[in-house]
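Numbering (this note's numbering), first residue to last: 0 to 285.
Virtual Cβ for every residue (Gly too), placed ideally from N, Cα, C.
Note that this is a predicted model, so its numbers are computed, not measured.
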Amino acid sequence: MSGLANWVMKKRLNAIIGVMVFGLIPMMFWLAAAILGLVVLRKGVKEGIPVLAWGCLPAFVLWIYQGDATALMVLVDVMLLAYLLRSTMSWSWVLLAGSFLAVISTLLQPLLMADVLNLAVALVQKVLVSEGVEVPDKDLIFNQAVMAVSIFQVVIAVISLFLARKWQAGLYNPGGLRTEFHQLRLPIAFSLALGGMILVGESLGGSFAILSQAAIPALVLPGLALVHGILAKKEIGVVGLIAFYLVGFFVLNVYFANVLVALCVIDSFVNIRSRIQGKASNSSDS
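Encoded structure:
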């Protein structure tokens, strides 16, 4: 994909063509969003606005004819998050802002995607009935669908932004994204804010549940970055990462996210990576 990124950055028309083409291909809107993110990260919002405007055309058509505003929402989210990353040079701000975007999105989804959401509710009800399971209230299923779609859109936006940053690093700063990811650590205030969202969401439930659901991904990613950073510091390599993910998915299973959230919060307070010596340091000390 480095070839695509290089071609996109040659001139604005290339970026517009790329965003429009991938925006028209089903399930490829994330790549269109990554192209937009690359333009904003490298050249700024002024250059990104016309790319966004043209890129929104196919997304707008899909919304009008299919009722699915996902591509449109992801493009807008990437535009905002890319601007924030370019301004602050901090992934912590991106993750915190992404959580709030997911919360705001739940207010927009019933207006933008009512038909799609109602179709999803009908399908869920049909499946539950066929399985002989008690069917929850329609409004409850609808609210769950709204939360799931909102979080999905923001997660895809963050993934697209990571891809855009990877392209930017590959073209202009090789290895830059790897270093940023390994050093990703939430400030204490951010961890407290996200932790507070989880507590409020879990305590009050109902429509407040989106607070906890939106905060969890923003805490999980720094937890993953912590593990990646420690393994890189110890020069353990790919084998260690494979073992970590195997244990996480198959042993910890449903508790994997909880462990990562706990690691993220602890790291915010004690900065675990700074207390761990690298392999080179251990060798020189001996």
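Start and end of the alpha helix (DSSP H) containing residue i?
i    : result
E234 : Careful: E234 lies outside any alpha helix (DSSP H) and carries neither H nor E.
V264 : 255 to 269
G169 : 137 to 171
K10  : That residue, K10, is in no alpha helix (DSSP H); it is neither H nor E in DSSP.
R184 : R184 -> no alpha helix (DSSP H), and no H or E assigned at all.
V39  : 28 to 42
Going by the beta-carbon positions, is the gap between residue i and residue j smaller than 7 Å?
i    : j    : result
A287 : L176 : The question about residue 287 has no answer, for the chain in this structure spans 0 to 285.
V260 : L198 : no
A58  : G22  : yes
L35  : L12  : no
W90  : L223 : no
S267 : L185 : yes
M341 : W53  : Nothing can be reported for residue 341, as the shown portion of the chain is limited to 0 through 285.
M8   : A68  : no
S149 : S211 : no
G47  : V38  : yes
V153 : G204 : no
G66  : D114 : yes
Could you round the C-beta distance between residue i and residue j to whole angstroms and report it? I think they count as a contact, below 8 Å.
i    : j    : result
L116 : F141 : 6 Å
L80  : A156 : 6 Å
F243 : V226 : 6 Å
V231 : H181 : Sequence inspection shows Ala at residue 231; the Val mentioned does not correspond to that position. Rounded, the Cβ-Cβ distance is 5 Å, consistent with contact.
V102 : A213 : 5 Å
Chain C beta carbons: is any one of them nearer than 7 Å to that of residue i?
i    : result
K125 : In the structure shown, chain C cannot be found, because there is only a single protein chain.
**Asked** Which runs of the alpha helix (DSSP H) spanning at least 4 residues fall entirely within the segment 65 to 124, listed in chain order?
**Response** 69 to 87, 90 to 111
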